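Right, one structure below, let's go through it.
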Amino acid sequence: MEAARTVKDVSPHEFVKAYASHLKRSGKELAPYDPDWYYTRAASIARHIYLRQGLGVGALQRIYGGRKRNGSRPPHFSKSSGSVARHILQQLQQVGIIDIDTKGICNYRLRWREFVTKASTFSVLIYIFYFSNNVRGRRITSQGQRDLDQVAGRVVVAL
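Numbering (full-length UniProt numbering), first residue to last: 1 to 159.
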């Protein structure tokens with residue numbers, strides 16, 4: 001019996017193409033200009049959240065950002081559009097692929113490491129009370145994980 005295939009077992013390029021066509025067939029949302037570009041970005045965002053939960057709009061802006069050409073001045077890094085990332089996250093949430101992580105465990109761990117180095121015990125208790133309710137991120141739902149793994153399995157079979 002062959003082992004189950006997940007998103008981690010498949011080439012990212014092949015998976016994003018296959019999942020983009022899957023999203024395109026589902027007909028949940030029309031793209032603003034180029035339908036292939038929009039669904040490809042949605043598939044890529046879903047894959048990023050599958051691999052690293054707790055991402056938000058700001059993290060996705062940094063992931064998809066790139067070089068800004070400033071004419072005769074040297075180029076510098078620039079974030080991508082937050083509106084596109086936010087809209088895709090909202091659409092993936094409506095479809096049921098991702099959900100908002102109200103506990104914010106992923107971001108909580110990162111902030112905890114920063115905070116422990118410069119805090120007293122009393123301050124740590126205040127920090128836990130305050131940030132346990134205010135830190136959020138996105139996580140993949142069980143239905144979304146099932147869909148992504150099914151597409152990954154089809155990609156493996158096609159190769």
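Positions of the beta carbon are idealized from the N, C-alpha and C atoms, including for glycine. Just so you know, these numbers come straight off a predicted model, no measurement behind them.
Backbone secondary structure at ARG69 - three-state DSSP: strand
Euclidean distance between Cα positions of SER78 and LEU92: 25 Å
Short Cβ contact (8 Å threshold) for ALA20 with ASP36: yes
Sequence-distant residues of its chain with Cβ nearer than 8 Å to GLN143 (five each side left out): GLY96 and ILE97
Run of the beta strand (DSSP E) containing ARG138, from where it starts to where it stops: 137 to 140
Same chain, Cβ closer than 7 Å to SER11, neighbours up to 5 away in sequence not counted: none
Separation of SER44 from VAL155, as counted between CA atoms: 15 Å
Same chain, Cβ closer than 6 Å to TYR64, neighbours up to 5 away in sequence not counted: SER80
DSSP-derived helix/strand/coil call for SER78: strand
Buried or exposed by the 16-neighbour rule on C-beta atoms within 10 Å, applied to ILE140: buried
Buried or exposed (CB count within 10 angstroms, at least 16 for buried), THR121: Any reading at THR121 is ruled out, since the residue's pLDDT is 49, under 50, leaving its predicted position unreliable.
Proximity of ARG52 and ILE100 at Cβ, strictly below 8 Å: no
Unbroken beta strand (DSSP E) run spanning ILE98, endpoints: 98 to 101
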